[in-house]
Amino acid sequence: MIANPVFRYRMLTLAEGWSFVLLLVFGSLLSRVSDIDLVMPLGAIHGALFVLLCVATLFIRRRLGWGFGMTLVALAAAVVPLAPFVLHRVKRDDLLAAERAAQPVAA
1225 MIANPVFRYR MLTLAEGWSF VLLLVFGSLL SRVSDIDLVM PLGAIHGALF
1275 VLLCVATLFI RRRLGWGFGM TLVALAAAVV PLAPFVLHRV KRDDLLAAER
1325 AAQPVAA
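Heads up: take any position in the sequence shown, counting from 1, add 1224, and you land on my numbering.
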């Protein structure tokens, strides 16, 4: 399952979305109300996941049958808070169908 590129893309979408939420909630909020500063480590993790998601979107778009417009929407969703979760929910059936199609058939 982990070898499946569509599965990896789905998990990367969720990981990037959660990293953004953690950065906004824990990084920003915690640094304002205490001496704990998590912005730098959480920001680095989120930045790496963001870049990976953008590259993965460009690689997976053809397998998912996405045109220029849908690819642009997927890339824009990586920038807007909580949008990766919305994209994941809206495209869930298409992603799961592509994931099943990419699975090797067991003999």
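Every residue, glycine too, gets a C-beta built ideally from N, C-alpha and C. Keep in mind that this is a model prediction, so the values were computed, not measured.
C-beta contact flag for residue 1238 and residue 1308 at 8 angstroms
Here residue 1238 refers to the residue found at position 14 of the sequence shown. Here residue 1308 refers to the residue found at position 84 of the sequence shown. Yes.
Which same chain residues, not among the five before or five after residue 1319, have their C-beta less than 8 angstroms away from its C-beta?
Here residue 1319 refers to the residue found at position 95 when the sequence shown is read from its first residue. Hits under 8 angstroms: 1230, 1233, 1234, 1288 and 1312.
Answer with yes or no whether the minimum CB distance from residue 1274 to chain C is below 8 angstroms.
Of the protein chains in this structure there is only one, and it is not chain C.
Which residues in the same chain have their Cβ closer than 8 angstroms to the Cβ of residue 1240, if we skip the five residues on either side of it in sequence?
For the purposes of this step, residue 1240 is identified with residue 16 of the sequence shown, where counting begins at 1. 1270, 1273, 1274, 1276, 1277, 1302 and 1308, listed in sequence order.
Among 1299, 1244 and 1228, which has the Cα closest to the Cα of residue 1268?
If you number the sequence shown from 1, residue 1268 lands on position 44. Residue 1268 has its Cα closest to that of 1244, out of 1299, 1244 and 1228.
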